[in-house]
Amino acid sequence: MSEFLSALVYASEKSANIARACKQEETLFQLLVQEKKGNEKNKKFVSDFKTLADVLVQEVIKHDIGKKFPGLEDYIFGEESNQFTNSLGEKIKVKVCATERETAELLSKVLEDNMTAAKQLARIVHHDVSIKDPALEKVKADIPQDTLAVWVDPIDSTFQYIKGYADEKPKDGIYSKGLQCVTILIGVYNRSSGLPIMGVINQPFVTRDPDSLRWRGQYFWGLSYKDINICSLQNQDANATPQPTDDQCEDSREDEDLQPGDHKLSAVISTSENESIKTALSMLRLYYAAGAGYKSLCAVQGFVSVYLLSEDTTFKWDCCAPHAILRSLGGGMVDFRECLKRRKDGNLDELPELIYNAPVNGATGVDRWANTGGLVAYRCPKHLDTIMSIISKVNL
Ligand code: 2IP
Ligand code: CA
Ligand code: CA
Numbered sequence: 001m002s003e004f005l006s007a008l009v010y011a012s013e014k015s016a017n018i019a020r021a022c023k024q025e026e027t028l029f030q031l032l033v034q035e036k037k038g039n040e041k042n043k044k045f046v047s048d049f050k051t052l053a054d055v056l057v058q059e060v061i062k063h064d065i066g067k068k069f070p071g072l073e074d075y076i077f078g079e080e081s082n083q084f085t086n087s088l089g090e091k092i093k094v095k096v097c098a099t100e101r102e103t104a105e106l107l108s109k110v111l112e113d114n115m116t117a118a119k120q121l122a123r124i125v126h127h128d129v130s131i132k133d134p135a136l137e138k139v140k141a142d143i144p145q146d147t148l149a150v151w152v153d154p155i156d157s158t159f160q161y162i163k164g165y166a167d168e169k170p171k172d173g174i175y176s177k178g179l180q181c182v183t184i185l186i187g188v189y190n191r192s193s194g195l196p197i198m199g200v201i202n203q204p205f206v207t208r209d210p211d212s213l214r215w216r217g218q219y220f221w222g223l224s225y226k227d228i229n230i231c232s233l234q235n236q237d238a239n240a241t242p243q244p245t246d247d248q249c250e251d252s253r254e255d256e257d258l259q260p261g262d263h264k265l266s267a268v269i270s271t272s273e274n275e276s277i278k279t280a281l282s283m284l285r286l287y288y289a290a291g292a293g294y295k296s297l298c299a300v301q302g303f304v305s306v307y308l309l310s311e312d313t314t315f316k317w318d319c320c321a322p323h324a325i326l327r328s329l330g331g332g333m334v335d336f337r338e339c340l341k342r343r344k345d346g347n348l349d350e351l352p353e354l355i356y357n358a359p360v361n362g363a364t365g366v367d368r369w370a371n372t373g374g375l376v377a378y379r380c381p382k383h384l385d386t387i388m389s390i391i392s393k394v395n396l
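Residues 1 to 396, numbered by full-length UniProt numbering, are exactly what the sequence shown covers, in order.
Written out as structure tokens, the structure is:
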């Protein structure tokens, strides 16, 4: 199964190359934005968009994983449909064809007959990615393939991807907006229990070379299966991000000890978060950032204690990958409202972890896969507990 995790990482890197290539062709890129309507649309946004990159990346991931692991293609689910409408109003089913030339021809229909750009994208699509990652090669886990299913969010934070702010400055390592908030999320879960097993978060835009203006990205992976817990952050290289020190996880102070502006615990939230939650969390170090995947990544990297969302505006494809990585680090992702309810009922024995195999009863379209009770992503269970005890005193 180490080959499986490697295949996910390779697919995420190829996807990041596609995301960067589409962005490089700025004038073309603006033509490649299509508004989502009806069932496809996230109700959070007045208008919701997808780009060619969203659609193509999802197809490439399905194609590459399905080819290496036959039978699995029917269990790879994603946010997007593979239909894209070009500016002439023609509907085109985007897919990876048998040859590079055929893929280029298909893409040129979406790309206003720009064969140069179509060929460039087709080359990336058909080019095998190779990565040297010794830690990844060492991963050993015997997991039957027919127990697995996959959630893909080909581009998370499409809005930031379209806007494309390239010169944002981070605060304590956290970007409130900009291309850094874009992520590619591939998560694997168990078909019958619904629990996440492995995940990859790829961040295609991390630093930009000032001379060539080319972007470099980074990726994170994790696997949590039975007694195996392994994560790329445990094998840091020079480019990777800092991990929180152990004492950050040994913070056993009660919330009474917390003062406004306390710097030990921290949270990242959406700017659209509920005002009462914002006020309650203002006693911690509080950050705002775009992108559900990116905010989860801030928790994975230990930049914040939690990413908290009280609304129902994320989906299974937003959470499966980060959730698996957080589990591999001893943390997790829980249903926010169910967590509050259990606290109020005095039922603190088991945390209501998000699961990935069950649609929402009675819902239709994308809402079938919404995380209806919101979420909290955390690395340290004690931090989750302290923050939930603060929130439980708030009238929501
Ligand atoms: C979005 C994206 C948004 C997020 C929203 C997700 O996914 O991550 O940024 O809102 O919840 O569904 P916010 O940034 O306020 O957290 P996508 O970009 O894939 O539609
Ligand atoms: Ca998303
Ligand atoms: Ca998306």
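Where a beta carbon is used, it is the ideal one built from N, C-alpha and C, also for glycine.
Just so we're clear, the structure is a prediction, and the values are computed from it rather than from any experiment.
Query                                                                                                                : Result
Anticipated Cβ contact below 8 Å, residue 410 with Ala-118, distance rounded                                         : Outside the displayed range of the chain (1 to 396) lies residue 410, so it cannot be described from this structure.
Whole-Å CB distance - Pro-196 paired with Ile-61, under 8 Å assumed                                                  : With a Cβ gap of about 17 Å, Pro-196 and Ile-61 do not count as contacting.
Beta-carbon proximity of Cys-298 to Tyr-307, cut-off 8 Å                                                             : yes
Cα-Cα separation, Gln-203 to Arg-214                                                                                 : 14 Å
Beta-carbon separation (whole angstroms), Ser-328 vs Cys-181, contact threshold 8 Å                                  : That pair is no contact at about 23 Å.
Residues bridged to Trp-151 [DSSP beta-bridge criterion]                                                             : Phe-77 and Gly-187
Completely contained alpha helix (DSSP H) runs for the region 76–144, where each covers 4 or more residues           : 100–110, 115–126 and 134–138
Buried versus exposed, by CB contacts within 10 Å (16 or more), Arg-379                                              : buried
Ser-6 beta carbon less than 8 Å from that of Lys-140                                                                 : no
Check: Glu-79 C-beta below 7 Å from any heavy atom of ligand 1                                                       : yes
Endpoints, beta strand (DSSP E) assigned at Ile-201                                                                  : 196–208
Validate contact between the region 270–279 and the region 158–170 using beta carbons, cut 8 Å, 3 pairs              : no
Beta carbon of Ala-166 nearer than 8 Å to that of Arg-208                                                            : yes
Nonlocal neighbours in the same chain, by C-beta distance under 7 Å from Glu-100, ignoring five residues either side : Ala-122, Arg-123 and His-126
Cβ neighbour criterion (16 or more within 10 Å) applied to Ile-131                                                   : exposed
Whole-number beta carbon distance between Ser-305 and Leu-265, since they are thought to touch under 8 Å             : 5 Å
Best match in Asn-82, Gln-301, Lys-93 and Ile-162 for proximity to Glu-25 [C-alpha to C-alpha]                       : Ile-162
Range of the contiguous beta strand (DSSP E) that encloses Tyr-225                                                   : 215–225
Distance cut-off 7 Å: Ala-377 Cβ against heavy atoms of ligand 2                                                     : no
Cβ distance (whole Å) where Pro-322 is taken to contact Gly-199 below 8 Å                                            : 6 Å
Exposed unless 16 or more other CB atoms sit within 10 angstroms - verdict on Met-333                                : buried
Span of the beta strand (DSSP E), counted from its first residue to its last, around Cys-231                         : 228–231
For Tyr-356 and Gly-187, the rounded distance between their alpha carbons                                            : 10 Å
Range covered by the beta strand (DSSP E) that runs through Tyr-378                                                  : 375–378
Among Ala-135, Leu-185 and Ser-272, the one whose alpha carbon lies nearest that of Leu-233                          : Ala-135
Cβ shell of Glu-80 (< 7 Å), same chain only, five flanking positions each side left out                              : Lys-50, Asp-54, Val-55, Gln-58 and Pro-154
Own chain, CB closer than 7 Å to Thr-271, minus 5 neighbours either side, in chain order                             : Tyr-288
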